[in-house]
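Asker:
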Amino acid sequence: MMDLALAAVDAAVSAGARYADARAMVVRHEAMEARNRVVEDLSQSEDAGLGVRALMGSSWGFQATPTLTPAAARAAGAGAVAVARASSRVAGPPLQLAPVPIVVDSWTSRWVEHPLDDVSPADKAELLVAATGAANDAGVPLAQANYQAWDTEKWFASSGGSRVHQHIVECGAVVDATAIGDGETQRRSYPGVRGHYGTQGWELVRSLDLVAHAALVADQAVALLSAPPCPADVTTVILDSDQVALQIHESVGHAVELDRILGWEAAFAGTSWLDPGRLGRLHFGSELMQITADATLPGAMGSFGYDDEGVAAQRVDIVRDGTWVGVLAGRDSGPLVGAGAGGAVRADGPTRLPMVRMTNVGLLPGDSSLEEMISTTDDGIYMQTNRSWSIDDRRLNFQFGCEVGWEVKDGAVGRMLKNPTYTGISPQFWSSLDAVGGRDEWTVWGLPHCGKGQPLQVGHTGHHAVPCRFRDVRVGVR
Amino acid sequence: MVDDATVDGNLDDARRDATVAEACERALALVGGRADAVVRASVGTSSLTRFANSRIHQNLREDLARVTVTVGVEGRVARAGTSRLDADGLSAVVERALTAAALRPVDPHFAGFAPPAPVVPVDHWDDATAHATPDDRAAVVAAFVGGNGTEAAGFCSTRAVSHALASTTGQWAVGRRSVARLDGIHRATGRDEVADGCAQATSVRLAAVDGAACGARAAARARAGLGAISLAPGPYEVVLEPRAVAAALLYPALVGFNGKRHAEGTSFVRLGEQQWDRSVDIWDDATDPRALGDGHDPEGTPKRRLDLVRAGVSVGLAHDRRSARLAEVEPTGHSVGSDAVGGYPTDLFMAGGGLTPEQLVGGVEHGLLVADLWYNRLLDPKTQVVTGLTRNGLFLVEGGQVTRPVQNLRHTQSIVAAFGPGRVLGVGDDAQLVGGEGSTMHVPGVRLAAWSFTGNARG
Chain A
519 MMDLALAAVD AAVSAGARYA DARAMVVRHE AMEARNRVVE DLSQSEDAGL
569 GVRALMGSSW GFQATPTLTP AAARAAGAGA VAVARASSRV AGPPLQLAPV
619 PIVVDSWTSR WVEHPLDDVS PADKAELLVA ATGAANDAGV PLAQANYQAW
669 DTEKWFASSG GSRVHQHIVE CGAVVDATAI GDGETQRRSY PGVRGHYGTQ
719 GWELVRSLDL VAHAALVADQ AVALLSAPPC PADVTTVILD SDQVALQIHE
769 SVGHAVELDR ILGWEAAFAG TSWLDPGRLG RLHFGSELMQ ITADATLPGA
819 MGSFGYDDEG VAAQRVDIVR DGTWVGVLAG RDSGPLVGAG AGGAVRADGP
869 TRLPMVRMTN VGLLPGDSSL EEMISTTDDG IYMQTNRSWS IDDRRLNFQF
919 GCEVGWEVKD GAVGRMLKNP TYTGISPQFW SSLDAVGGRD EWTVWGLPHC
969 GKGQPLQVGH TGHHAVPCRF RDVRVGVR
Chain B
46 MVDDATVDGN LDDARRDATV AEACERALAL VGGRADAVVR ASVGTSSLTR
96 FANSRIHQNL REDLARVTVT VGVEGRVARA GTSRLDADGL SAVVERALTA
146 AALRPVDPHF AGFAPPAPVV PVDHWDDATA HATPDDRAAV VAAFVGGNGT
196 EAAGFCSTRA VSHALASTTG QWAVGRRSVA RLDGIHRATG RDEVADGCAQ
246 ATSVRLAAVD GAACGARAAA RARAGLGAIS LAPGPYEVVL EPRAVAAALL
296 YPALVGFNGK RHAEGTSFVR LGEQQWDRSV DIWDDATDPR ALGDGHDPEG
346 TPKRRLDLVR AGVSVGLAHD RRSARLAEVE PTGHSVGSDA VGGYPTDLFM
396 AGGGLTPEQL VGGVEHGLLV ADLWYNRLLD PKTQVVTGLT RNGLFLVEGG
446 QVTRPVQNLR HTQSIVAAFG PGRVLGVGDD AQLVGGEGST MHVPGVRLAA
496 WSFTGNARG
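Here the protein sequences line up with chains A and B, keeping their order.
If you read the first sequence in this note's numbering, its first letter stands for residue 519, the second for the next number, and so on.
If you read the second sequence in this note's numbering, its first letter stands for residue 46, the second for the next number, and so on.
1. Report buried or exposed for T401 (chain B), applying the criterion of at least 16 other Cβ atoms within 10 angstroms of its Cβ.
2. As a quick exercise: from A:V755, A:Y665 and A:P749, pick the residue whose alpha carbon is nearest that of L728 (chain A).
3. Taking only runs that begin and end inside the segment 48 to 119 of chain B, name each unbroken beta strand (DSSP E) of 3 or more residues, in chain order.
4. Can you confirm whether P297 (chain B), when its beta carbon is compared against all beta carbons of chain A, has any partner nearer than 7 Å?
5. Would you kindly report the start and end of the unbroken alpha helix (DSSP H) that includes E889 (chain A)?
6. May I ask you to list the residues that DSSP assigns as paired with K970 (chain A)?
7. Kindly indicate if chain A contains any beta-carbon less than 7 Å away from that of D48 (chain B).
8. Cβ closer than 9 Å: which chain A residues qualify as neighbours of S380 (chain B)?
9. May I ask you to report which of helix, strand or coil DSSP gives Y389 (chain B)?
10. Roughly how many angstroms separate the alpha carbons of D48 (chain B) and A132 (chain B), rounded to a whole number?
11. What did DSSP end up calling G595 (chain A) once you bin it into helix, strand or coil?
12. C748 (chain A) lies in the alpha helix (DSSP H); which residues open and close that run?
13. Do Q832 (chain A) and G798 (chain A) have their beta-carbon atoms positioned less than 7 Å apart in this structure?
14. Assuming the contact rule is C-beta atoms closer than 8 Å, G713 (chain A) and A691 (chain A) should be a hit. Round their C-beta distance to whole Å, please.
15. Measure the CB-CB distance between R149 (chain B) and A643 (chain A) and report whether it falls below 7 Å.
16. Return the chain-ordered list of same chain residues with a C-beta closer than 7 Å to the C-beta of F802 (chain A), the five sequence neighbours on each side being excluded.
17. In chain B, what lies closer than 8 Å to V557 (chain A) by C-beta?
18. Would you report the Cα separation of D760 (chain A) and K348 (chain B), rounded to the nearest angstrom?
19. Have a look at M46 (chain B) and D342 (chain B) and give me their C-alpha separation to the nearest angstrom.
20. What did DSSP end up calling G498 (chain B) once you bin it into helix, strand or coil?
21. Given a limit of 8 Å on CB to CB distance, which residues of the segment 902 to 928 of chain A reach chain B?
22. Going by DSSP, what residue range makes up the beta strand (DSSP E) through R226 (chain B)?
23. Between which two residues does the beta strand (DSSP E) holding G199 (chain B) run?
24. So, does the CB of W668 (chain A) fall closer than 7 Å to a CB anywhere in chain B?
25. With DSSP collapsed to three states, give me the class of A396 (chain B).
26. Short of 7 Å in beta carbon distance, which residues of its chain neighbour G657 (chain A), apart from the five on each side in sequence? Order them along the chain.
27. From the DSSP output, in three-state form, read off H154 (chain B) for me.
28. Look up Q832 (chain A) in the DSSP assignment and say whether it is helix, strand or coil.
29. What do you get for H967 (chain A), buried or exposed, if any count of 16 or more other CB atoms within 10 angstroms of its CB means buried?
30. Output, in chain order, the set of chain B residues within a Cβ distance shorter than 8 Å of D565 (chain A).
31. Can you give me the Cβ contacts of G126 (chain B) inside the same chain, cut-off strictly under 6 Å, excluding the 5 residues immediately before and after it?
32. Under 7 Å, CB to CB, which of the residues in the segment 606 to 631 of chain A have a partner in chain B?
33. Per DSSP, which one or two residues make a beta bridge with F916 (chain A)?
34. Under a CB-based cut-off of 7 Å, is E307 (chain B) close to chain A?
35. How many Å lie between V845 (chain A) and V834 (chain A) at the Cα?
36. Between T877 (chain A) and chain B, is any beta-carbon pair separated by less than 7 Å?
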């Protein structure tokens, strides 16, 4: 396979590219979904292909083929150059790629039980059937559980001389319970909305113990139907770590993607409120806010050995003591703000163009705890597990809904509240952060469904998070 | 021949058609008598030229190949897919599907595979679009970018696919379709602000996509957006342009008219009830010449027009075979390839009315003109309350005239309530095809009595 990538790169360079790289990939995927003790869907796929990127002047071209032969690889390389030539009809300013060291390496993620090769679909089905059954037995009419697993091998070669082979295994799972009332539904999910994923083997799914938690989420879903609604108010909000993870994803992670900051996503995903001229000086949030993008976290969903430009995984400070200090970047965008090669460029398959993607973007632990936050809050709402998320195209104005809220009065958790929502403006919200949970509560959440790009790509990202407390937040938006 | 395993988008049309047909036949032969099966195959090209800051910054072309084998062995159903159309690839995908099916429990609701039935031929194809070059797309982009004094961003894409379906039950269908899309914004820059305007065109034919006209329209809108005022949140009468209407109808389509969701009790739809205004007619029809869909769904069930709302009354649901069996009705041909997802309309139409866009605005004494809605997310499928934001143009309407641009607002609004009885004050004659990921809608602009805006730039 490396030979095919090299053939594609050679063909692109021979056709006139000043830089080219290629990825040959084989991706195996399996997904199963059960509802109410019945396996409704089982799908498997094995996709192979090769994608070539070619740079002519300041213009990129990309061509992909599902045919893994030397002739097809060479044709794709030459084709990428033809596409780049067409790009030059509406060309931009000169483009300089950040220099990178030549790498010849192989990297493999760690797993104990391979989710596709070591665990039978029968065993996986048994787990999902049992989890949904436990939720049904607890009283919900609709219980759903699913898992997904990927095995990805890729061979990267560049005209700069790098040759990298990677083998990455990922998986994760979820169970959720939906109670249906008069004109409403209430859902609770475990271990978070759409589940928890990692660059790990089936041992991750076993550790979640879906069956043991199914009854609890079902009980809460039923109880939510008769719970009072979240009041409309401005109050203190305590977010559990799974919701903090999504808050980071939407209001920090996407905002610091350099392609968005530079306007490259303006028409679709949007831009960013961040002004690159203020990198290193801009106040993003509270001094308690320490955000990193760390692709080296073992087992996390946004971890890898090398990105799709052959740049080694790295940890980058994004927000330090509340000040914006870093971006997610690639070789063509990084030099525009002095950020170097970036190491955050990935594609979701061989036929897609690599682009700036989140790695593991998250919050470092602080010195508080959920227990302490609650005990020191006179009046507020504790919210768990995302139910809806929406944010504007500059990543400023957001509104999130959670599955469940809990009244906090005089330092104790009180009544359950349904339909909790909160809204805010990103820097103001993060400036109101006044307590950050400690290392014991630190979780690296994995999301397998981050949409970006055209054609749409679905990225895998990780988010380390802890429970956090925010003051003066508008809640109960109606 | 499939044997050479080469999938090249430059294959002539006859060769592409033969390739997918042969892949289906060979895969079915490999299944033999071991299971019931449906095989789908597709081959083609997909190209997309993306631009931002008024230059092409991403430009790709992909040769497509896909075979999907779904097998059923006494109610044990599994689906396997591959990008490999060679003999080894076909053999492997068939064996994977059979192995997986054997290892899973029985689905008591499996409805069997579709019986043979005639498929209405659809002609959603244009040779020139199928063979469009990167230079052809770049020319459209150049025309969109133009010399408007504003910055442009967006994409121009072409896609052409031949597909075939064959089953052990005797169903057989072949088809092909092409689509061209241009979707972009222009951005005007003021002293301390930027303003965006958008335009899009979706067609079977790239030649029907007028880059210059779209670009001029988006640029004019962007310039008109400068000097935007901040408006207090609250309920406002609105005119939603077609793009915004398409965004609003997304969740009713996905999880409302979805027969499976209805059977599970999470849909808002109450069949036979006047849930919508009398002026609202909604249906799905992939076979309409204005649509872009195939003549059959992934299960092989032929597509036909399906009425969903007639004179404001909810009258129909979209079903795949499994959900149809649960509901004890006939499948409507709306499988999207996953029994867990269920069926939903992918070629939605809303009937146009008799009012020009100017007349829609002209009836508004005090309200807002909304070009686009963005990042809508559903809070509850039963209430169809969504939250999202305006984008690419929001304007104050006073005395029937557009008077001022307005800064973007956040809304939290039940879609069904907004289109409910007595709430639709006018329907435009400007219905257009709005493209999306995996589905399209042909919808007009509408004037609605109220739309609940719940936040502005200050939160």
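In this text, a Cβ means the ideal position worked out from N, Cα and C, and glycines have one as well.
Answerer: If we stick to the structure as given:
1. Numbered from its first residue, the second sequence carries residue 401 (chain B) at position 356. Classification of T401 (chain B): exposed, given that the 10 Å Cβ count is below 16.
2. Indexing the first sequence from 1 puts residue 728 (chain A) at position 210. For L728 (chain A), the nearest C-alpha among the options comes from A:Y665.
3. 81 to 97 and 100 to 118
4. Working through the second sequence from its first residue, we reach residue 297 (chain B) at position 252. No - not a single Cβ of chain A is within 7 Å of the one on P297 (chain B).
5. Along the first sequence, one-based indexing puts residue 889 (chain A) at 371. Looking at the DSSP string, the run of the alpha helix (DSSP H) that includes E889 (chain A) is L888 to S893.
6. Taking the first sequence and counting its residues from 1, one reaches residue 970 (chain A) at position 452. DSSP lists A:Q975 as partners of K970 (chain A).
7. Taking the first residue of the second sequence as position 1, residue 48 (chain B) is located at position 3. Any reading at D48 (chain B) must be qualified, since the residue scores a pLDDT of 39, below 50, and its modelled position is unreliable; the value itself is stated next. Interface annotation, D48 (chain B): not in contact with chain A, CB-CB separation never under 7 Å.
8. Stepping through the second sequence from its first residue, residue 380 (chain B) is reached at position 335. Residues of chain A passing the Cβ test: none, with the nearest at roughly 12 Å.
9. On the second sequence, position 344 is the one that residue 389 (chain B) refers to. In this structure, Y389 (chain B) counts as coil in the three-state DSSP scheme.
10. By 1-based counting over the second sequence, the position of residue 48 (chain B) is 3. By 1-based counting over the second sequence, the position of residue 132 (chain B) is 87. At D48 (chain B) the pLDDT is 39, less than 50, meaning the model places this residue with poor confidence; the figure from the coordinates comes in the next sentence. Rounded to whole angstroms, D48 (chain B) to A132 (chain B) spans 6 Å at the Cα level.
11. As a position in the first sequence, residue 595 (chain A) is number 77, starting the count at 1. G595 (chain A) falls in the helix class under three-state DSSP.
12. The count along the first sequence starts at 1 and reaches residue 748 (chain A) at position 230. Neither: C748 (chain A) is in no alpha helix (DSSP H) and is coded neither H nor E.
13. As a working note, residue 798 (chain A) is residue 280 in the first sequence. As a working note, residue 832 (chain A) is residue 314 in the first sequence. For the pair G798 (chain A) and Q832 (chain A), the CB atoms are not nearer than the 7 Å cut-off.
14. Position 195 of the first sequence, counted from the start, is the residue given in the question as residue 713 (chain A). Position 173 of the first sequence, counted from the start, is the residue given in the question as residue 691 (chain A). Contact flag correct, Cβ pair sits at about 5 Å.
15. As a first step, residue 149 (chain B) is located in the second sequence; it is residue number 104 there, counting from the start. As a first step, residue 643 (chain A) is located in the first sequence; it is residue number 125 there, counting from the start. Yes. Within cutoff.
16. Taking the first residue of the first sequence as position 1, residue 802 (chain A) is located at position 284. Answer for F802 (chain A): V837, G840, T841, W842, P945 and W948, listed in chain order.
17. Taking the first sequence and counting its residues from 1, the one referred to as residue 557 (chain A) is at position 39. Chain B residues near V557 (chain A): R149, P150 and D152.
18. Numbered from its first residue, the first sequence carries residue 760 (chain A) at position 242. Numbered from its first residue, the second sequence carries residue 348 (chain B) at position 303. Rounded to the nearest angstrom, the two C-alpha atoms are 42 Å apart.
19. The residue labelled residue 46 (chain B) in the question sits at position 1 within the second sequence. The residue labelled residue 342 (chain B) in the question sits at position 297 within the second sequence. The pLDDT assigned to M46 (chain B) is 35, lower than 50, so where the model puts this residue is not dependable; a value taken from the coordinates is nonetheless given after this. When rounded, the distance between both Cα atoms is 26 Å.
20. Counted from its first residue, the second sequence places residue 498 (chain B) at position 453. The question names Gly, yet the displayed sequence has Phe at residue 498 (chain B). Here F498 (chain B) sits in strand by DSSP.
21. R905, S906, W907, S908, I909, D910, D911, L914, N915, Q917 and G919
22. By one-based count along the second sequence, residue 226 (chain B) stands at place 181. Looking at the DSSP string, the run of the beta strand (DSSP E) that includes R226 (chain B) is W217 to T234.
23. On the second sequence, position 154 is the one that residue 199 (chain B) refers to. Its beta strand (DSSP E) spans residues E196 to S212.
24. Taking the first sequence and counting its residues from 1, the one referred to as residue 668 (chain A) is at position 150. Cβ-Cβ to chain B under 7 Å: no for W668 (chain A).
25. In the second sequence, residue 396 (chain B) corresponds to position 351, counting from 1. It is coil, neither helix nor strand.
26. For the purposes of this step, residue 657 (chain A) is taken as residue 139 along the first sequence, with counting starting at 1. Contacts found: A736 and V740.
27. As a position in the second sequence, residue 154 (chain B) is number 109, starting the count at 1. Coil, per DSSP.
28. Within the first sequence, the letter at position 314 stands for residue 832 (chain A). Three-state result, Q832 (chain A): coil.
29. Position 449 of the first sequence, counted from the start, is the residue given in the question as residue 967 (chain A). By the neighbour-count rule (16 or more Cβ atoms within 10 Å), H967 (chain A) is not buried but exposed.
30. As a working mapping, residue 565 (chain A) is identified with position 47 in the first sequence. Those are G126, T127 and S128, listed as they occur along chain B.
31. Taking the second sequence and counting its residues from 1, the one referred to as residue 126 (chain B) is at position 81. Correct list, in chain order: T113.
32. R607, V608, A609 and G610
33. The count along the first sequence starts at 1 and reaches residue 916 (chain A) at position 398. BP columns for F916 (chain A) point to A:I909 and A:G942.
34. Residue numbering aside, residue 307 (chain B) sits at position 262 when the second sequence is read from its first letter. Reading off the sequence shown, one finds His at residue 307 (chain B), where the question assumed Glu. No - not a single Cβ of chain A is within 7 Å of the one on H307 (chain B).
35. Position 327 of the first sequence holds residue 845 (chain A). Position 316 of the first sequence holds residue 834 (chain A). As the crow flies, the alpha-carbon of V845 (chain A) is around 8 Å from that of V834 (chain A).
36. To locate residue 877 (chain A), count along the first sequence from 1; it is residue 359. No - not a single Cβ of chain B is within 7 Å of the one on T877 (chain A).
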